[in-house]
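S.K.:
There are 2 protein chains.
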Amino acid sequence: MQHCYDYPRPAVTTDIVVFTLRNERLSVLLIRRARDPYAGYWALPGGFVEPDETLERGALRELQEETGLTQVYLEQLYTFGEPQRDPRGRVISVAYLALAPLEALQPVAASDAAALDWFEAEHLPEMAFDHRDILALARARLRAKLNYSTLAFKLLPETFTFHELQRVYEIVGEQELDKRNFRKFIRSLNVLQETGETRRNGAHKPALLYRLAGSAVIYHDRQGT
Amino acid sequence: MQHCYDYPRPAVTTDIVVFTLRNERLSVLLIRRARDPYAGYWALPGGFVEPDETLERGALRELQEETGLTQVYLEQLYTFGEPQRDPRGRVISVAYLALAPLEALQPVAASDAAALDWFEAEHLPEMAFDHRDILALARARLRAKLNYSTLAFKLLPETFTFHELQRVYEIVGEQELDKRNFRKFIRSLNVLQETGETRRNGAHKPALLYRLAGSAVIYHDRQGT
DNA sequence: CTTGATAAGTGTAAAAAATACACCTTCATG
DNA sequence: CATGAAGGTGTATTTTTTACACTTATCAAG
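Protein sequence lines, in the order shown, are assigned to chains W and U. For the first sequence, our numbering begins at 4 and goes up steadily by one. For the second sequence, our numbering begins at 4 and goes up steadily by one.
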């Protein structure tokens, strides 16, 4: 069945940049393209938006279909619309930034795993379309928002230690932080809740476990995107 | 001539929130809709993206066609894609934030002026579609970016006095600022260039005129969108 | 069960940044 | 040439950020 319009229309897709921390590295989930264009190259998960779904639901659906992931934090990143970005024709892509702890990402195995892999943000393979640009923007955005949002927490499981949280800030922010000052900074956000539990982690004092307070807002200080 | 595709495609439009300062108020340019849906309501300028133009060029073209404006600062704001946002069918809109000094906006008179008007951001008329939401987001974004960007300068003509710049920050930020501290803050950005000129403005000391240094970056401190 | 190794957890002093605040300058007008 | 009005300037105080070192709880090995 054909769908006809009086004027030409672009195709609209979503592309999702899924970041997680693996082996203390910021990593992104990519799919190896089986067919042309860019056969053999790696691409962001994503696909066409369907008529009755919101952009965000479309992104979540594509992510589920292509990677099996369902439990991720998602926010809109930017819309890419260069006329020549896809050689097959005009394709406008609404890019999303997704974050999740590695634990939430095991469903990846559920799908066609051969074509799926994690890459360190520092060591990307040859990428299809303008996906390298999209990824670069996602990374810059994530890094910028670290300091005035609670995005970092989205890379951790529900409960976590102070040190784990600090590592997120250090890895994403690409700089080492002072332990005492970091704790002071986080406490000043007033978003931490003690769980009462501890985690024994080796031959030393066990660490207290925290969770993000349910009432925690995403933005603090200077609000913005 | 019909354009046919194997799958349904949404229409893609741009909508542009043009802010300026008028009578010491943050104001936005709206167009009165002549026909249904939302006949008689006010809407943001914008329209369909053409096959061979970038999203940004499309936004600039629509702005020119509908309002006569050509000299504005433009940045992408957000993409709105709720399936029901337009009763005529699926329309995805890439919203842009535009800023310009009132002086650059006289071309407004060039177009069908009867249907065009400025509204104070605080006193908006009944608006079509989800344009009120778009406007609210644009306003929040502008305000948030004041403190870590040079967006405020985009609301001023090429040369301006310190006091005029302060008024921009006060009006957009919705709070009064201390004169001496403000000057210290701006100087610390290192983006001001003295023109050597002054402006006589009444029975008092004339004000020095400045311009934004050509090398000035948009972002300072914490970079981000 | 004592000892040593390891990461967790804590406070204070110094430096930097942000804030509060008042008077002199320059010009136009009468 | 006196007056009124906005332009322009510096310093002291408070707040925030940074730098920095020792004690605590646990495990493993002797």
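Note that beta-carbon positions come from the ideal geometry of N, C-alpha and C, so glycine has one too.
With a threshold of 8 Å, are at least 3 pairs of Cβ atoms found where one atom belongs to the region 123-138 of chain U and the other to the region 177-185 of chain U?
M.R.: Judged by Cβ distances under 8 Å, the region 123-138 of chain U makes no contact with the region 177-185 of chain U, as fewer than three pairs qualify.
S.K.: So the alpha helix (DSSP H) Gln169(W) belongs to, where does it begin and stop?
M.R.: Run containing Gln169(W): 165-176, per the alpha helix (DSSP H) assignment.
S.K.: Kindly say whether Gln178(U), judged by its beta-carbon, lies nearer than 7 Å to any beta-carbon of chain W.
M.R.: Answer no: the Cβ-Cβ gap between Gln178(U) and chain W never drops below 7 Å.
S.K.: List the residues of chain U that Pro90(W) touches, going by C-beta distances under 8 Å, in chain order.
M.R.: Result: empty, since nearest Cβ-Cβ is about 14 Å, beyond 8 Å.
S.K.: State the Cα-Cα distance for the pair Ala141(U) and Leu154(U), rounded to the nearest angstrom.
M.R.: Each residue's alpha carbon lies about 13 Å from the other.
S.K.: Can you name, in chain order, every residue of its own chain whose Cβ lies under 8 Å from the Cβ of Tyr213(U), other than the five neighbours on each side?
M.R.: Excluding positions up to five away in sequence, the list reads Thr162, Phe163, Thr164, Phe165, Leu168, Leu195, Gln196, Glu197, Thr198.
S.K.: For Gly50(W) versus Glu27(W), is the C-beta distance shorter than 7 Å?
M.R.: Going by C-beta atoms, Gly50(W) is not nearer than 7 Å to Glu27(W).
S.K.: Distance check for Phe156(U) and Arg186(U), CA to CA, integer angstroms please.
M.R.: Their Cα atoms are separated by approximately 14 Å.
S.K.: Check whether the Cβ atoms of Ile34(U) and Ala118(U) lie closer than 7 Å to each other.
M.R.: Contact flag set, yes.
S.K.: For chain W, check one thing: does any of its Cβ atoms lie closer than 7 Å to the Cβ of Gly84(U)?
M.R.: Yes, contact with chain W.
S.K.: Provide the residue span of the alpha helix (DSSP H) that contains Ser191(U), from first to last.
M.R.: Unbroken alpha helix (DSSP H) run through Ser191(U): 182-192.
S.K.: How would you list, in chain order, the residues of chain U whose beta-carbon sits under 9 Å from the beta-carbon of Leu58(W)?
M.R.: Simply Thr82, Phe83, Gly84, Glu85, Ile95.
S.K.: Could you give the distance in angstroms between the alpha-carbon of Ser152(U) and the alpha-carbon of Tyr41(U)?
M.R.: Using only the alpha carbons, I get a separation of about 36 Å.
S.K.: What does the alpha-carbon distance come out to for the pair Tyr10(W) and Gln109(U)?
M.R.: Rounded to whole angstroms, Tyr10(W) to Gln109(U) spans 32 Å at the Cα level.
S.K.: Does DSSP put Ala103(W) in a helix, a strand or coil?
M.R.: In the structure shown, Ala103(W) sits in coil (DSSP, three-state: anything other than H, G, I, E or B).
S.K.: Residues in the same chain with beta-carbon distance under 7 Å from Gln74(U), minus the five sequence neighbours each way, listed in chain order, please.
M.R.: These residues qualify, in order along the chain: Ala103, Ala107.
S.K.: Determine the DSSP secondary structure at Glu27(W), reduced to helix, strand or coil.
M.R.: Coil at Glu27(W), not helix or strand.
S.K.: Just the C-alpha distance for Gly227(W) and Lys148(U), rounded to the nearest angstrom, thanks.
M.R.: At Gly227(W), the pLDDT of 46 sits below 50, so the modelled position is not reliable; the number obtained from the coordinates is stated separately. Rounded to whole angstroms, Gly227(W) to Lys148(U) spans 7 Å at the Cα level.
S.K.: With a threshold of 7 Å between beta carbons, is Tyr41(W) in contact with chain U?
M.R.: Taking Cβ atoms only, chain U never reaches closer than 7 Å to Tyr41(W), which makes this a no.
S.K.: Can you pull out the residues from the region 6-29 of chain U whose beta carbon lies closer than 9 Å to at least one beta carbon of chain W?
M.R.: For the region 6-29 of chain U, which is checked against every Cβ of chain W, the residues closer than 9 Å are His6, Cys7, Tyr8, Asp9, Tyr10, Pro11, Arg12, Pro13, Ala14, Val15.
S.K.: By the three-class DSSP mapping on this structure, what secondary structure does Leu32(W) have?
M.R.: Here Leu32(W) sits in strand by DSSP.
S.K.: Can you pull the chain U neighbours of Phe51(W), defined as C-beta to C-beta under 9 Å?
M.R.: Tyr10, Arg12, listed in chain order.
S.K.: Within 7 Å (strictly less), CB to CB, does Val31(W) reach chain U?
M.R.: Not one chain U Cβ lies under 7 Å of Val31(W).
S.K.: Does Asp120(U) get closer than 7 Å to chain W when you measure Cβ to Cβ?
M.R.: Cβ-Cβ to chain W under 7 Å: no for Asp120(U).
S.K.: Whole-angstrom Cβ separation of Ser144(W) and Leu100(W), contact assumed at under 8 Å?
M.R.: Per the sequence shown, residue 144(W) should be read as Arg rather than Ser. With 8 Å as the limit, Arg144(W) and Leu100(W) qualify as a contact, their Cβ atoms being about 6 Å apart.
S.K.: How is the beta strand (DSSP E) around Ala210(W) delimited, first residue to last?
M.R.: From DSSP, the beta strand (DSSP E) with Ala210(W) extends over 210-215.
S.K.: In whole angstroms, what is the alpha-carbon distance linking Arg12(U) and Arg93(W)?
M.R.: Straight-line Cα distance between these residues: approximately 12 Å.
S.K.: Is the Cβ of Pro229(U) closer than 7 Å to any Cβ of chain W?
M.R.: Here chain U covers residues 4 to 228 and nothing more, so residue 229(U) does not appear.
S.K.: List the residues that DSSP assigns as beta-bridge partners of Asp120(U).
M.R.: Answer is Leu33(U).
S.K.: Is Asp55(U) close to chain W? Criterion is C-beta to C-beta, closer than 7 Å.
M.R.: It does; some Cβ of chain W falls within 7 Å.
S.K.: With the cut-off set at 7 Å, would you say Tyr44(U) and Arg38(U) are in Cβ contact?
M.R.: No; because the gap between Cβ atoms is not below 7 Å, this pair is not in contact.
S.K.: Could you tell me which of Glu200(U), Ser191(U), Glu125(U), Asn193(U) sits nearest to Ser30(U), measuring between CA atoms?
M.R.: Ranking Glu200(U), Ser191(U), Glu125(U), Asn193(U) by Cα distance to Ser30(U) puts Glu125(U) first.
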